[in-house]
Amino acid sequence: AVLTTAGLFTLGIVNNSYGDFLGLGLKTAGELSTENILLRNQLAELNERMDRYSEYLNSFAQSDNQLRSIVNLPKIDYETRQLGTGGASAESYEGLVSSEAGKLISASQTLLNKLDKEIEFQKGSYEAIYRQYENNKVVFSSIPAIKPMVGTYSYHGFGMRKDPFIGVLKRHEGVDIHNDVGTPVYATGDGVVEFSGPTGSGYGIALELNHGFGYKSWYAHLSKCVARSGERVKRGQLIAYSGNTGRSTGPHLHYEVIRNGDKMNPVEFFVDDVDYEKIRSQLVDNRK
91 AVLTTAGLFT LGIVNNSYGD FLGLGLKTAG ELSTENILLR NQLAELNERM DRYSEYLNSF
151 AQSDNQLRSI VNLPKIDYET RQLGTGGASA ESYEGLVSSE AGKLISASQT LLNKLDKEIE
211 FQKGSYEAIY RQYENNKVVF SSIPAIKPMV GTYSYHGFGM RKDPFIGVLK RHEGVDIHND
271 VGTPVYATGD GVVEFSGPTG SGYGIALELN HGFGYKSWYA HLSKCVARSG ERVKRGQLIA
331 YSGNTGRSTG PHLHYEVIRN GDKMNPVEFF VDDVDYEKIR SQLVDNRK
């Protein structure tokens, strides 16, 4: 049996040495060597491509942090990304392939594992950015940020000033906008009408909007309310008409902004002059 095995082994060597003259389908040493070289070259090229992909992901990480800043999310530093994207340990190929090929395969596997983790990490970050962006759209549209009415604004009327009726210093917690009775008054942000009608106080007919996120706006001395309590309104939507009701020295709108219960200077919330016609047309388009 030993002689038979030895004979077969010798026959196999002779067969391979002479180009598989017996037709056993065994590859010669030269063919195996060529095949190994091709495989090593392919592995090396694959590693180069994965290195490039890794560089692309690094550039995505930079863009990711820029997007995070835009939507008011904290940036992710390099160390945190590395902790979240560490690759799994590569398998050992010792004894199965040559030392050089084993190193190439292990390096490829390690880099591929790392790329998988980086892609998953980046995907999660982009999803968080999108969610924050959608939430921000709601917040930004709700903040009372436009002028409520066309007219002459007393920009320095917020704070302590002399009461026009009794002549003593009192705190004025809003801004007055002067125009004729019946001038349209618009919602300064998306919200829900919490109060609409006569106040029975010096404010006369008034309307209050709850914008959510801690913001409210107050419109007083109106001649007529258009929006009713419980109604949901959009920024730029007609909600009332200015008037001269209540404790008023002349036709005007008294406008306040409240944030988390504190009266704020409305002027600090005003953006550039508003094109009300453009806003109205957008509201009509959105309803179609």
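All letters in the sequence shown, in the order written, are residues 91 to 378 by this note's numbering. Even glycine gets a Cβ: it sits at the ideal position worked out from N, Cα and C.
| How about residue 299 and residue 277: are their beta carbons less than 8 Å apart? | Translated into positions along the sequence shown, residue 299 becomes position 209. Translated into positions along the sequence shown, residue 277 becomes position 187. Contact: yes.
| On the three-state DSSP scale, how would you describe residue 214? | Taking the first residue of the sequence shown as position 1, residue 214 is located at position 124. Helix at residue 214.
| message | Within a Cβ cutoff of 6 Å, which residues of the same chain sit near residue 280, ignoring the five residues on either side of it in sequence? | response | Within the sequence shown, residue 280 is the residue found at index 190, counting from 1. Here the set comprises 231, 232, 324 and 325.
| task | Work out the CA separation of residue 199 and residue 133 for me, nearest whole Å. | result | Locating residue 133 in the sequence shown gives position 43, counting from the first residue. Locating residue 199 in the sequence shown gives position 109, counting from the first residue. Going by the C-alpha atoms only, they are around 10 Å apart.
| Which two residues bound the contiguous beta strand (DSSP E) that contains residue 236? | As a working note, residue 236 is residue 146 in the sequence shown. For residue 236, no beta strand (DSSP E) run applies, since DSSP gives it neither H nor E.
| request: Would you check if there are 3 or more beta carbon pairs closer than 8 Å linking the region 218-226 to the region 335-342? | output: Under the 8 Å Cβ criterion, the region 218-226 does not count as touching the region 335-342, having fewer than three qualifying pairs.
| said: Distance check for residue 347 and residue 287, CA to CA, integer angstroms please. | reply: Within the sequence shown, residue 287 is the residue found at index 197, counting from 1. Within the sequence shown, residue 347 is the residue found at index 257, counting from 1. Cα to Cα, residue 287 sits roughly 18 Å from residue 347.
| field | Segments assigned beta strand (DSSP E), at least 3 residues, entirely inside the region 269-301 | value | Here the runs fully enclosed are 274-276 and 281-288.
| said: Based on DSSP bridge pairs, tell me the residues matched to residue 266. | reply: Counting from one through the sequence shown, the residue named residue 266 turns up at place 176. Answer is 344.
| Nearest-angstrom Cα distance between residue 360 and residue 166? | To locate residue 360, count along the sequence shown from 1; it is residue 270. To locate residue 166, count along the sequence shown from 1; it is residue 76. Roughly 33 Å separates the two Cα atoms.
| field | Own chain, CB closer than 8 Å to residue 212, minus 5 neighbours either side, in chain order | value | Taking the sequence shown and counting its residues from 1, the one referred to as residue 212 is at position 122. The residues are 147, 150, 151 and 154.
| message | Does residue 177 come out as helix, strand or coil in the three-state DSSP assignment? | response | To locate residue 177, count along the sequence shown from 1; it is residue 87. Legend: pLDDT at residue 177 = 48, less than 50; position of this residue unreliable, no value from coordinates given.
| task | Measure from the alpha carbon of residue 335 to the alpha carbon of each residue in 312, 351 and 321, then state which is nearest. | result | Residue mapping note: residue 335 aligns to position 245 of the sequence shown, counting from 1. By alpha-carbon distance to residue 335, the top candidate from 312, 351 and 321 is 312.
| task | Give every residue of the same chain whose Cβ lies closer than 6 Å to the Cβ of residue 310, excluding the five residues on either side of it in the sequence, and list them in chain order. | result | Here the question's residue 310 lines up with position 220 in the sequence shown. Close CB contacts of residue 310 within its chain, under the 6 Å cut and outside five residues either way in sequence, are with 293, 296 and 344 (chain order).
| In whole angstroms, what is the alpha-carbon distance linking residue 196 and residue 156? | On the sequence shown, position 106 is the one that residue 196 refers to. On the sequence shown, position 66 is the one that residue 156 refers to. Straight-line Cα distance between these residues: approximately 35 Å.
| 7 Å CB neighbourhood of residue 353 in its chain, flanking five on each side removed | Looking up residue 353 in the sequence shown gives position 263. Cβ-Cβ distances below 7 Å link residue 353 to 263 and 346 in the same chain, with the five nearest sequence neighbours on each side left out; the list follows chain order.
| Range covered by the beta strand (DSSP E) that runs through residue 330 | What you label residue 330 is simply residue 240 of the sequence shown in a count that begins at 1. Per DSSP, residue 330 is one residue of the beta strand (DSSP E) stretching across 328-332.
| field | Close beta carbons around residue 284, own chain, < 6 Å, minus the five adjacent residues each side | value | As a working note, residue 284 is residue 194 in the sequence shown. Hits under 6 Å: 298 and 300.
| query | residue 163 lies in the beta strand (DSSP E); which residues open and close that run? | reply | For the purposes of this step, residue 163 is taken as the residue at position 73 of the sequence shown. Per DSSP, residue 163 belongs to no beta strand (DSSP E) and is neither H nor E.
| Leaving out the 5 sequence neighbours to the left and right, which residues in its chain are closer than 6 Å to residue 242 when beta-carbon positions are compared? | For the purposes of this step, residue 242 is taken as the residue at position 152 of the sequence shown. Hits under 6 Å: 268.
| task | Please confirm whether residue 289 and residue 240 have their CB atoms less than 8 Å apart. | result | Residue mapping note: residue 289 aligns to position 199 of the sequence shown, counting from 1. Residue mapping note: residue 240 aligns to position 150 of the sequence shown, counting from 1. Taking a C-beta distance under 8 Å as the contact criterion, residue 289 and residue 240 do not qualify as a contact pair.
| DSSP puts residue 242 in a beta bridge; with which residues? | Reading the sequence shown from its first residue, position 152 is the one you call residue 242. Residue pairing from DSSP places residue 242 in a beta bridge opposite 268.
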